[in-house]
Structures are given as structure tokens and as C-alpha cells.
Amino acid sequence: MIVDVHTHNLLPEHWGSEHKENWEPAYGAPYPTITPSQYDAAMQAAGIDVAIVFGLAASRAGVHTPNSYVADFCAKVTTPTIAFTAIDPLDANWREQLEEAQSLGFHGVKLYPVLSLFDPLAPEFEDFYRFLLKHRLVVLWHMGATPSPQGRLSLSQPLIVEEVARRYPDLVQIMAHMGHPWQREANIVLRKHKNVFADVSASWSRPMDGFLALVHAQEWAVTDKLLFGSDYPLWEPKAAIEQFTGLADLRAGNLPHVLEETVQGIIHRDALQLLGLDHPRPNTHRPASWQTS
333 MIVDVHTHNL LPEHWGSEHK ENWEPAYGAP YPTITPSQYD AAMQAAGIDV AIVFGLAASR
393 AGVHTPNSYV ADFCAKVTTP TIAFTAIDPL DANWREQLEE AQSLGFHGVK LYPVLSLFDP
453 LAPEFEDFYR FLLKHRLVVL WHMGATPSPQ GRLSLSQPLI VEEVARRYPD LVQIMAHMGH
513 PWQREANIVL RKHKNVFADV SASWSRPMDG FLALVHAQEW AVTDKLLFGS DYPLWEPKAA
573 IEQFTGLADL RAGNLPHVLE ETVQGIIHRD ALQLLGLDHP RPNTHRPASW QTS
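Per this note's numbering: the sequence shown ends with 625, consecutive numbering throughout.
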């Protein structure tokens, strides 16, 4: 079984001007539009059994993916998917957005503090976390860097999640990208909190960082808390698996290296069981409009 816990689907216009102004210069390409058939083809090529799908939300930067868009997309793919809503807790109507997401069958929340500029540890968000706990919503945090000049890196570090876990130990949380570039801190947080996990998405994009992150995870005995994520459409899952597996081929003399059993264990981990999520049923019907969506 392969679960991809980190796939995006949003339209270029959901970025506002943020991607064109700040991300295209860094990555050299506009944000792609993905059709349901393209999504299915990418997942099938990699043997993905289940994928978590979400957009983005950072209101101050003009970034917002409507719940209805994600729900409609998930209804059009044949890949079994689990939808997460993207929420900016600074929005005055965050509760209404979460209630709408629940009514649509969503099971988690994607948070983006580095760009939305909300302080996850501020006391005004206590009601927000209580809502997530009450309704058993999984939290997936964007962790780490951003090319956006207005982004605030101090809000995007694993020790932020550590403090949230101290206050809300039953809240199930995923740190995206192993907290890149603070992967060592992420591993320490993983060891400390039973309900905190990390996905390995994009860890192969900077091979030395990814290599060290996995070696540290082995040394801290937390590889069983690492989950596979492709970061699609930035990487197709097949290429992501190939490049991630390649980290086990790297050697630095007689220093510790990434074990093959580590990468294979991550790729084939039953993330749904760890996160308390039910396996979704495959879609057997696509609306007539799916080909052009």
C-alpha cells in the first residue's frame, strides 16, 4: 500500500499574484493546472493507493483555494482521495469555512503560517485548535522555507509544532517536508510527541539535506513516524519515489548512510492508520464535465 499524504490541487488564480511575483522567479515556471485525468494518470503510474488532496490559504498574500473546488476535484478523480481544507485562522469566518469543509466530507486542515503570517502560539487561536480536536481533524503544516519576501520564517519551524503539541497532545499533526531546512529539530519533535508525524515531500530536492535528515531520523529512531508525500504537481509521485529511493544510494566514506529498509518502510507505510483516517472508497462515477475541468 502506498499513501501519498501531500498532493496539491489548486488553480493558478487561487494564488492571486503571489506565485507569479515571488515563486516563478525562484522556480522558473508558472503554477500548473491539473485536470482530473492527469491527476489519476500520475497517481496510477506510481501505484498510489490513496492520496490526500488540499489547496492553499494565506489571506494576506491573496492566496485562497475554495473548499468547493477541492471537493469537486476529488469527486472527479478515480483515485481514492481524502480532502483537507486549506484555512487561514486569521479569517474572521474560519469557523464557517471549517463547518463547510466538514459538510463536504473533509478530514483535515492544511495550515500555512509562513505566508499567512498567523502566529500558531497566539492565545486567540485556542478556539481554533479546540474545534480541530473536537472534530478529529488532522493538521498538516507547511514547514520550512518560502521564496516570498513577506513570508515570516520564524512561524514555520518544528518547535512551533512542538509547543502546539504540548498544549494539545491529542491533536494529530503532520510537519510537511520534514520541517526543511530544520529537519533535525523535526526529528526531535517526532520522538517527543506520539501524535506528531512528518512527511518526506521534497526531501530529495536537496539531496544532502535529505540524506542527513533520514540518517538523523534513523539515529533518533523516528523513521516509523515518517510518511510518504510527493508534493504533486511539483513532482509526479513516480519521480518522487525514484528520487527519494535514490537517497539510499548515497555514501560518504564509512559514515552512516540511509538504509534501504528506511526508504521502503516510509513509501509503504500505512499512513491512514497512523493518522486515524478511514480508507476512502474509490470513485466509480465521474461527472460528464470531468474531461475539461
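Cβ coordinates follow ideal geometry from the N, Cα and C atoms, glycine included.
Practice problem: Kindly provide the ranges of any alpha helix (DSSP H) runs that are 4 or more residues long and lie completely inside the region 526 to 606, ordered along the chain. | Solution: 539 to 551, 569 to 578, 592 to 599
Quiz item: For the candidate residues 504, 412, 494, 587, whose alpha-carbon lies nearest to that of residue 518?
Solution: 494
Quiz item: Taking all protein chains shown into account, do 16 or more other C-beta atoms lie within 10 angstroms of the C-beta of residue 540, making it buried, or fewer, making it exposed?
Solution: Counting Cβ neighbours within 10 Å, residue 540 comes out exposed, since fewer than 16 surround it.
Quiz item: So, is residue 605 buried or exposed, given that buried needs 16 or more other C-beta atoms within 10 angstroms?
Solution: Flag for residue 605 reads exposed.
Exercise. Tell whether a beta-carbon distance below 8 Å holds between residue 497 and residue 505.
Key: Closer than 8 Å, so yes.
Quiz item: My guess is that residue 348 and residue 395 are in contact by the Cβ rule of under 8 Å, so how many angstroms apart are they, rounded?
Solution: 6 Å
Quiz item: Taking contact to mean at least 3 C-beta pairs separated by less than 8 Å, is the region 569 to 585 in contact with the region 354 to 363?
Solution: no
Quiz item: Would residue 499 be called buried (16 or more neighbouring beta carbons within 10 Å of its own) or exposed?
Solution: exposed
Quiz item: In the structure shown, what three-state DSSP assignment does residue 473 receive?
Solution: strand
Quiz item: How is residue 454 classed by DSSP in three states: helix, strand or coil?
Solution: coil
Practice problem: Kindly indicate which residue of 610, 343, 566, 525 has the alpha-carbon position closest to the one of residue 404. | Solution: 343
Exercise. Might you give, ordered along the chain, the residues of its own chain that have their beta carbon closer than 7 Å to the beta carbon of residue 365, omitting 5 neighbours on each side?
Key: 343, 344
Quiz item: What's the C-alpha gap between residue 621 and residue 372?
Solution: Annotation note: pLDDT 39 at residue 621 (below 50); position unreliable, coordinate value reported separately. Looking at the two C-alpha atoms, the distance is approximately 16 Å.
Exercise. Please state whether DSSP places residue 511 in a helix, a strand or coil.
Key: If DSSP states are grouped into helix, strand and coil, residue 511 belongs with the helices.
Quiz item: For the alpha helix (DSSP H) that contains residue 430, what are its first and last residues?
Solution: 426 to 435
Quiz prompt | Residues near residue 340 by beta carbon distance below 8 Å, same chain, minus five either side | solution = Shown here for residue 340: same chain residues with a beta carbon closer than 8 Å to its own, the five before and five after excluded, namely 385, 386, 387, 388, 563, 564, 565, 566 in chain order.
Quiz item: Does DSSP put residue 623 in a helix, a strand or coil?
Solution: Reliability fails at residue 623, whose pLDDT of 39 lies under 50, so the model's placement of it is uncertain and the value that follows must be treated cautiously. The answer is helix: DSSP assigns residue 623 an H, G or I state.
Quiz item: Hey, quick one: how far does the alpha helix (DSSP H) through residue 496 stretch, first residue to last?
Solution: Where residue 496 is concerned, the enclosing alpha helix (DSSP H) stretches over 490 to 499.
Quiz item: Near residue 613, which residues of its chain fall below 6 Å by C-beta distance, leaving aside the five closest residues on each side in sequence?
Solution: none
Quiz item: Whose C-beta lies closer than 7 Å to the C-beta of residue 592 among residues of the same chain, with five residues either side of it excluded?
Solution: 580
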